[in-house]
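Under our numbering, the residues of the sequence shown are numbered 13 to 354, in order. Where a beta carbon is used, it is the ideal one built from N, C-alpha and C, also for glycine. Please read all numbers here as calculations on a predicted model, not as lab measurements. These notes concern the structure reproduced below.
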Amino acid sequence: MKTRLLTANEIDTAAGILRSGGLVGIPTETVYGLGANGLDPEAVGRIFTAKGRPQDNPLILHIPDASWLDRYCRNIPPAACALAEAVWPGPLTMILQRRENVPNAVTCGLDTVGIRCPGHPLALAVIRTAGIPVAAPSGNLSGRPSPTCARHMLEDMDGRIDAILDGGSCGVGVESTIVDLTPPVPRLLRPGGLPLERLQAVLGEVAVDRAVTAQLGSGEKPRAPGMKYRHYAPKAPVVVVTGESLRTARYIRRNLGQRTGVICFDEYAPLFSGCTVEAIGPVSDKARQARRVFEALRAFDSTDVDAIYAQCPGSGGLGFAVANRLKKAAGFQVVDLGEAEE
Ligand code: TXA
Ligand code: MG
């Protein structure tokens with residue numbers, strides 16, 4: 013199969029491919045998604061094949077506005093409506109009880125479904141034109157960093173899917189925040205593009221699932237099945253160093269080997285001249301770090317580095333998501349030098 017690159021004025025073509033059961037790469041504000049008709053189990057099945065995705069890892073349904081919630085979910089709590097009102101379209105996925113019309117292929121047999129209304133004009137236009145909910149995981153091969161531009165998605169998916177709609181670089185850069193609204197106290201399953209503080213402002217108390225901050229033991233079952241898999245990892249092993257940025261930079265510098273790669277804040281890049289360096293933004297600019305983190309992780313695979321050290325932002329705002337992606341890429345190999353500045 014030849015994968016076509018579509019431009020922003022080919023929305024109808026993208027929508028037509030989705031309606032006829034095909035696979036389309038779709039730009040969202042977070043990362044590129046691999047979309048299929050979310051009501052067609054065969055089309056959804058093709059997503060798993062194209063990504064090499066484990067069969068027990070459910071997909072998110074993308075809808076064009078909150079009025080579609082009721083079509084696919086039941087017992088919708090008032091908190092879900094309040095959140096939809098406050099932050100959709102935007103980088104938030106809600107886990108809710110599903111209706112029978114949502115195929116098992118999407119939910120992997122769970123009685124809940126993840127739903128999100130993406131904050132990207134092209135994604136919304138494709139979904140609206142197709143007139144169907146679009147099932148879409150991130151558009152990477154399973155285990156690879158998520159794609160934040162059409163070229164990254166093509167690297168992974170060329171020849172495996174029908175088309176990619178090119179919407180340029182993603183504005184947020186990390187995937188959506190996932191909150192489970194089915195328990196009495198809402199539970200954060202994945203930190204993402206919507207800061208936890210924003211969720212708390214609408215919901216009050218939010219529990220943070222253990223899988224967010226630690227590697228689960230082999231017997232433990234995470235509530236978001238995807239959180240148990242090795243993810244985002246470059247070929248070379250990653251070690252994350254947490255703490256105040258000058259301390260972490262000095263630590264990394266002291267421990268450099270012959271072919272060590274470094275992910276650092278812009279201010280410290282000069283300390284690592286001679287190394288393969290990915291500077292992900294100034295210490296204080298977490299939005300930029302979020303936009304850069306997957307691109308940085310991806311970049312090392314075309315180099316000969318045999319180990320990677322990463323500086324890590326503090327956990328306020330988007331720093332929570334950036335730190336989570338770095339630590340997952342590291343399999344939670346962390347050197348802890350104390351609290352980071354925010
Ligand atoms: O920003 C995003 O969310 C992107 C864009 C394309 O929308 N999508 C994305 O999908 O990141 P994916 O499949 O890469 O990650 C979805 C995560 C997985 O960890 C999956 O296990 C979890 O959501 N998930 C999906 N449905 C769930 C459910 N019913 N209950 C718990 N977790 C669920
Ligand atoms: Mg993913």
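Between the ligand MG and the CB of residue 257, the shortest heavy atom gap is not smaller than 7 Å. In the three-state reduction of the DSSP assignment, residue 165 falls in the helix class. With contact defined as three or more Cβ pairs closer than 8 Å, the segment 153-162 and the segment 73-87 are not in contact. Within the segment 220-278, the complete beta strand (DSSP E) segments of 3 residues or longer fall at 250-254 and 272-276, listed in chain order. Between the alpha carbons of residue 13 and residue 175 lies a distance of about 10 Å.
The three-state reading of DSSP puts residue 93 in helix, counting H, G and I together.
A distance of 8 Å or more separates the beta carbons of residue 15 and residue 134.
With respect to the 8 Å criterion, residue 342 and residue 272 are not classified as neighbours on the basis of their beta carbons. Here DSSP, grouped into helix, strand and coil, assigns residue 137 to helix.
Under the criterion of beta carbons closer than 8 Å, residue 31 and residue 49 qualify as touching, at roughly 7 Å.
Those residues whose C-beta sits under 6 Å from the nearest heavy atom of the ligand MG are, from N- to C-terminal order along the chain, 149, 150 and 158. Using a 10 angstroms sphere on the CB of residue 203, the tally of other CB atoms reaches 16 or more, which defines it as buried. Exposure of residue 93 is indicated by the presence of fewer than 16 other C-beta atoms within 10 angstroms of its C-beta. The Cβ atoms of residue 34 and residue 148 do not sit closer than 8 Å to each other. Counted as a single uninterrupted DSSP element, the beta strand (DSSP E) harbouring residue 321 occupies residues 319-323. Here residue 290 is buried. Its C-beta has 16 or more other C-beta atoms within 10 Å. By the neighbour-count criterion, in which 16 or more other beta carbons inside 10 Å mark a residue as buried, residue 40 falls on the buried side. Taking the C-beta atoms as reference points, residue 103 is found nearer than 8 Å to residue 206. Linking residue 329 to residue 263 through their CA atoms gives a straight-line distance of about 25 Å. A Cβ-Cβ distance of about 7 Å is found for the pair residue 107 and residue 190, placing them in contact under the 8 Å criterion. Annotated three-state conformation of residue 24 is helix, per DSSP.
In the structure shown, the three-state DSSP call for residue 109 is strand.
Proximity to residue 161 across 37, 232 and 146 peaks at 37, based on C-alpha coordinates. In the three-state reduction of the DSSP assignment, residue 49 falls in the strand class, which pools E and B. Contact check for residue 96 and residue 56: beta-carbon distance about 24 Å, past the 8 Å limit, so the pair fails to qualify.
Ranking 249, 283 and 234 by CA distance to the CA of residue 258 puts 283 first. Here the distance from the Cβ of residue 102 to the nearest heavy atom of the ligand TXA is not below 7 Å. A straight-line Cα-Cα distance of about 22 Å links residue 151 and residue 122. Contact check for residue 197 and residue 345: beta-carbon distance about 31 Å, past the 8 Å limit, so the pair fails to qualify. DSSP places residue 37 within a strand segment (E or B) once states are collapsed to three. If the five residues before and after residue 105 are omitted, its C-beta is found closer than 6 Å to the C-beta atoms of 72, 126, 128, 188 and 190, all from its own chain and listed in chain order.
Residue 209 carries a helical assignment under DSSP once its states are collapsed to helix, strand and coil. Shown here for residue 239: same chain residues with a beta carbon closer than 6 Å to its own, the five before and five after excluded, namely 223 in chain order.
Between residue 246 and residue 312, the C-beta gap is smaller than 8 Å, which places the two residues in contact. Counting along the chain, residue 346 sits inside the beta strand (DSSP E) bounded by residues 346-348.
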